[in-house]
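Q: The sequence shown runs 1 to 264 under UniProt numbering. Take this structure, written in structure tokens, and hold onto it; I'll ask about it next.
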Amino acid sequence: MKTSKLFISFSDIKGVTLVSGKEYSLDTSDIIIYSIYLPSFIEFKSNLSQFLNSPELKKAKRFYKEIDRDRFIIYRSILKLILGAYTKSDIKNIHLDYDFNKKPYLASHPWLHFNISHSEDYAAIAVSHKKVGLDIEFLSKDFKFTNLLPDIFDDHERLLIQNADDKKTTFYTLWTRKEAFVKALGKGIDEDFKYIPCTDGQHNLEFKLVKNTQNWQVYSFDFAEQYLGAVSYEGLPTTSDNLLLYMIPDSMENLLEMTQKRNY
């Protein structure tokens, strides 16, 4: 029987402000996450919308609420700026393609893997040479998750949540891990989601569950105040991976510097 391994743990990754002038390059061990505080970029939405193509602008208009339209414009344009910086490409040449599960990728630069997640006031973007999945969640006080437990967690996981001192944090910790992992796999939330491991330690994965034989890692981390994150990527922790969290500076000057990185 084909099996692979999944290692799950916590990371003490700390966010630092992105230094102006940093060259956008990736080593094979790099997993870089960018944090975007969306309200800080609202005033730049008109400037940022120039980086979106016609289908993206049409998609933005389909959002019913203005706040959702604004958030989409911000995180999609910054995603394209980041991808342009890493590929040394003009932003107008950054076109996202989608696989059968609607996971975006760059057909023009298949070596660059990326994933995006957004929740309330934050968005996050992960880039790597490795297949990567990312999920961030706001720890909502009003979200009633109890009725969902039987559908998305197995018996052991449900008991962990029900017996936890902080049930809400435990729920979001386990949920973000599952979500990040299936995004890394390129799977949607399907009937197998309930059986995706999400507890600390090393797990053996059957091929029929994940449909590949690669090994994987998942790390939980504190993303921001009242936000939890999880990132998943290929490989096991036998080598020293460089897991970094950068906060995108909230100025158009810093954002536009990304467009100049293609000249390096």
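Note that the Cβ used here is the ideal one computed from N, Cα and C, for glycine as well.
For THR173, which residues of its own chain have a beta-carbon under 7 Å away from its beta-carbon, when the five flanking residues on both sides are left out?
A: The residue you call residue 173 lines up with position 173 of the sequence shown. Answer for THR173: SER220, LEU228, listed in chain order.
Q: Hey, quick one: how far does the beta strand (DSSP E) through GLY216 stretch, first residue to last?
A: As a first step, residue 216 is located in the sequence shown; it is residue number 216 there, counting from the start. Position check: residue 216 holds Trp in this sequence, whereas Gly was assumed. Its beta strand (DSSP E) spans residues 216-224.
Q: Among PHE7, LYS92, THR3, whose alpha-carbon lies nearest the alpha-carbon of PRO237?
A: Residue mapping note: residue 237 aligns to position 237 of the sequence shown, counting from 1. Ranking the options by Cα distance to PRO237, first place goes to PHE7.
Q: Give, in chain order, every unbroken run of the alpha helix (DSSP H) that is at least 4 residues long and sits entirely within the stretch 158-235.
A: If we require 4 residues or more, the alpha helix (DSSP H) runs fully inside the stretch 158-235 come out as 167-185, 207-210.
Q: Less than 7 Å between C-beta atoms, sequence neighbours within five positions excluded: which residues of the same chain meet that for ILE196?
A: Here residue 196 refers to the residue found at position 196 when the sequence shown is read from its first residue. Excluding positions up to five away in sequence, the list reads LYS178, PHE181, VAL182.
Q: Contact check, ASN204 vs THR3 under 8 Å by CB: the rounded distance?
A: Position 204 of the sequence shown, counted from the start, is the residue given in the question as residue 204. Position 3 of the sequence shown, counted from the start, is the residue given in the question as residue 3. Yes, they are in contact, since the Cβ atoms of ASN204 and THR3 sit about 5 Å apart, within 8 Å.
Q: Among the residues of its own chain, which have a CB less than 8 Å from the CB of ASP12, if the five just before and after it don't count?
A: Translated into the one-based positions of the sequence shown, residue 12 becomes position 12. PHE221, listed in sequence order.
Q: Which first and last residues belong to the beta strand (DSSP E) in which PHE114 is found?
A: Numbered from its first residue, the sequence shown carries residue 114 at position 114. Residues 113-119.
Q: Report the rounded CA-to-CA distance for ILE125 versus LEU134, giving the unit in angstroms.
A: One-based indexing of the sequence shown puts residue 125 at position 125. One-based indexing of the sequence shown puts residue 134 at position 134. Cα-Cα distance, rounded: 8 Å.
Q: Could you check the C-alpha separation between LYS45 and ASP154 for me, to the nearest Å?
A: On the sequence shown, residue 45 is found 45 positions in, with the first residue counted as 1. On the sequence shown, residue 154 is found 154 positions in, with the first residue counted as 1. If you take the alpha carbons of LYS45 and ASP154, they lie about 43 Å apart.
Q: On the CB-based measure, 16 or more other CB atoms within 10 Å of its CB, does THR17 come out buried or exposed?
A: The residue you call residue 17 lines up with position 17 of the sequence shown. Per the 10 Å Cβ criterion, exposed.
Q: Ends of the alpha helix (DSSP H) at SER77?
A: Here residue 77 corresponds to residue number 77 of the sequence shown, with the count starting at 1. Unbroken alpha helix (DSSP H) run through SER77: 66-87.
Q: Cα separation between ASN215 and SER140?
A: In the sequence shown, residue 215 corresponds to position 215, counting from 1. In the sequence shown, residue 140 corresponds to position 140, counting from 1. For ASN215 and SER140, the distance between alpha carbons rounds to 32 Å.
Q: Would ASP30 pass as a contact of ASN163 if the rule is Cβ separation under 8 Å?
A: Residue 30 sits at position 30 when you count from the first residue of the sequence shown. Residue 163 sits at position 163 when you count from the first residue of the sequence shown. Result no, Cβ atoms of ASP30 and ASN163 do not sit closer than 8 Å.
Q: Could you give the uninterrupted runs of the beta strand (DSSP E) lying entirely in the stretch 28-68, keeping only those of 3 residues or more?
A: The qualifying runs are 30-37.
Q: Tell me whether LEU174 counts as near the ligand ADP, meaning its Cβ is closer than 7 Å to at least one heavy atom of that ligand.
A: For the structure depicted, the ligand ADP is absent and the ligand set is empty, with no information on it obtainable.
Q: Report yes if the C-beta distance between ASP97 and LEU106 is below 8 Å; otherwise report no.
A: Your numbering for residue 97 matches position 97 in the sequence shown. Your numbering for residue 106 matches position 106 in the sequence shown. Yes; because the gap between Cβ atoms is below 8 Å, this pair is in contact.
Q: Considering ASN93, what are the terminal residues of the beta strand (DSSP E) in which it resides?
A: Working through the sequence shown from its first residue, we reach residue 93 at position 93. Taken as a continuous stretch (DSSP letters only), ASN93 belongs to no beta strand (DSSP E), as it is neither H nor E.
Q: Could you tell me the alpha carbon to alpha carbon distance between ASN254 and ILE36, rounded to whole angstroms?
A: Locating residue 254 in the sequence shown gives position 254, counting from the first residue. Locating residue 36 in the sequence shown gives position 36, counting from the first residue. C-alpha separation (whole angstroms): 13 Å.
Q: By a C-beta neighbour count over all protein chains shown, 10 Å radius and 16 as the cutoff for buried, is THR169 buried or exposed?
A: Position 169 of the sequence shown, counted from the start, is the residue given in the question as residue 169. The residue is exposed, with fewer than 16 neighbouring Cβ atoms inside 10 Å.
Q: Can you tell me whether ASP70 is buried or exposed, with buried defined as 16 or more other CB within 10 angstroms of its CB?
A: Numbered from 1 along the sequence shown, position 70 holds the residue referred to as residue 70. By the 10 Å Cβ count, ASP70 comes out buried.
Q: Taking C-beta to C-beta, are VAL127 and LEU26 nearer than 8 Å?
A: Mapped onto the sequence shown, residue 127 falls at position 127. Mapped onto the sequence shown, residue 26 falls at position 26. In contact: VAL127 and LEU26 (Cβ atoms closer than 8 Å).
Q: Have a look at ASP90 and ILE42 and give me their C-alpha separation to the nearest angstrom.
A: Start at 1 with the first residue of the sequence shown, and residue 90 comes out as number 90. Start at 1 with the first residue of the sequence shown, and residue 42 comes out as number 42. Those two C-alpha atoms are separated by around 24 Å.
Q: Starting from ALA123, follow its DSSP beta bridges and name the residues at the other end.
A: Looking up residue 123 in the sequence shown gives position 123. DSSP output for ALA123 lists ILE36, HIS118 as bridge partner(s).
Q: Specify the secondary structure class of LEU139 as computed by DSSP and reduced to three states.
A: On the sequence shown, residue 139 is found 139 positions in, with the first residue counted as 1. Coil.
Q: Determine the closest residue to GLY201 out of ILE74, VAL218, LEU209, TYR122, with distance taken between C-alpha atoms.
A: In the sequence shown, counting from the first residue as 1, residue 201 sits at position 201. Nearest option by C-alpha distance: VAL218.
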